[in-house]
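In what follows, a single structure is set out as structure tokens and then discussed.
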Amino acid sequence: MLRHLLRAVLIAIALVIGYWTLGIVIYRFVDPPLTPLMAIRLIEGDGLRRNPVALSGVSRELSRAVVAAEDNRFCFHFGIDFAEVQNAVEEYREGGRLRGASTISMQVARNLFLWPGGGFLRKAIEAPLALAIDLAWPKRRILEVYLNIAEWGPGRFGAAAAAEVYFHKPPSQLTRREAALMAAILPSPRHWNAARPTAYVSSRAYAVAARIPTLDPDYFRCFE
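Just add 300 to the spot in the sequence shown (first one is 1) and you have the working numbering.
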């Protein structure tokens, strides 16, 4: 009986790994139709508003703002920013809170294949998936997928839906201020609103917008 159980577990693991591998290959070229988080939000009654758009159809300001806010070493790491992970560990040892140090590649892996929330198990799976995605996809595609599957509010997924809801325009027409506001709410999109920012969100957006011109152009070379 134990042998049959072990065999069933191994088969299940192989099937899951096969699904992840196939997904990484397919989503390199095809937009994901649905993610686990989208399905959860549908079940919760939030609905689903999404309109995938190519990266060329997204304002350069938004691409830069998201990278500056979420992963400013995006062009330099290979899926995991080990320098940022070390900084997070050192801050925790010094008494600070333990933060995730997630890269955009890791967020894509989580959104495409895993479940929301924290926990060591999810992080342990998320890390190799991020490395595989970064190996198989160009940075431009990673950012493109991220901008199309990121949650930007209740039932709103992707830059196109968010830009339309918040600013009544396509994502290609976003200004730097609007792009910075959208990037600023990504950590908590169900509680913050880019069109009606709190003082804290406004300060975050100001910091993002002010930071972009100070960054070396190489920060953005991989996707522009």
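Positions of the beta carbon are idealized from the N, C-alpha and C atoms, including for glycine.
C-alpha gap between residue i and residue j, whole angstroms
i      : j      : result
Cys375 : Glu361 : 17 Å
Arg521 : Leu305 : 50 Å
Leu474 : Pro454 : 21 Å
Ala480 : Ala505 : 5 Å
Ser503 : Pro332 : 33 Å
Arg410 : Leu302 : 32 Å
His468 : Ala495 : 10 Å
Ala354 : Pro517 : 22 Å
Pro336 : Arg511 : 33 Å
Leu421 : Trp452 : 25 Å
Pro352 : Asn448 : 5 Å
Gly419 : Pro471 : 33 Å
Glu464 : Leu348 : 14 Å
Ile317 : Ala308 : 14 Å
Glu478 : Ala383 : 30 Å
Ala450 : Leu412 : 10 Å
Met338 : Leu414 : 12 Å
Ile313 : Val330 : 25 Å
DSSP three-state assignment for residue i, whether helix, strand or coil
i      : result
Glu451 : strand
Arg511 : helix
Arg440 : helix
Arg349 : strand
Pro497 : coil
Pro333 : coil
Cut-off 8 Å between Cβ atoms - residues of its own chain near residue i, not counting five sequence neighbours on either side
i      : result
Asp381 : Asp371, Arg373, Ala401 and Thr403
Arg476 : Glu361, Ala365, Ala509 and Ile512
Leu443 : Leu355, Ser363, Val366, Val367, Phe374, Ile404 and Phe523
Pro487 : none
Cutoff 7 Å; reference residue i; Cβ partners in own chain excluding five residues on either side
i      : result
Val508 : Ala365, Ala368, Ala369, Ala480, Ala483 and Ala484
Tyr446 : Ile404, Gln407 and Val408
Arg441 : Arg328
Ile324 : Ala432, Ile433 and Ala436
Chain D contact for residue i (CB, 9 Å cutoff)
i      : result
Arg476 : Protein chains in the displayed structure number just one, and chain D is not present.
Beta-carbon contacts of residue i that lie in its chain and below 6 Å, excluding the five residues immediately before and after
i      : result
Gly378 : Strictly speaking, residue 378 in this sequence is Phe, with Gly absent from that position. Closer than 6 Å at the Cβ level, and outside the excluded window around Phe378, lie Asp434.
Which runs of the beta strand (DSSP E), 3 residues or longer, sit entirely within the segment 454-493? Along the length of the segment 454-493, whole beta strand (DSSP E) runs at least 3 residues long do not occur.
Three-pair Cβ contact test at 8 Å for the segment 455-463 versus the segment 422-430: no
Please give me, in chain order, every unbroken run of the beta strand (DSSP E) with length at least 3 that falls completely inside the segment 359-434. none
The segment 337-348 / the segment 428-438 touching (three or more Cβ pairs under 8 Å): Judged by pairs of C-beta atoms under 8 Å, the segment 337-348 does not touch the segment 428-438, as fewer than three such pairs exist.
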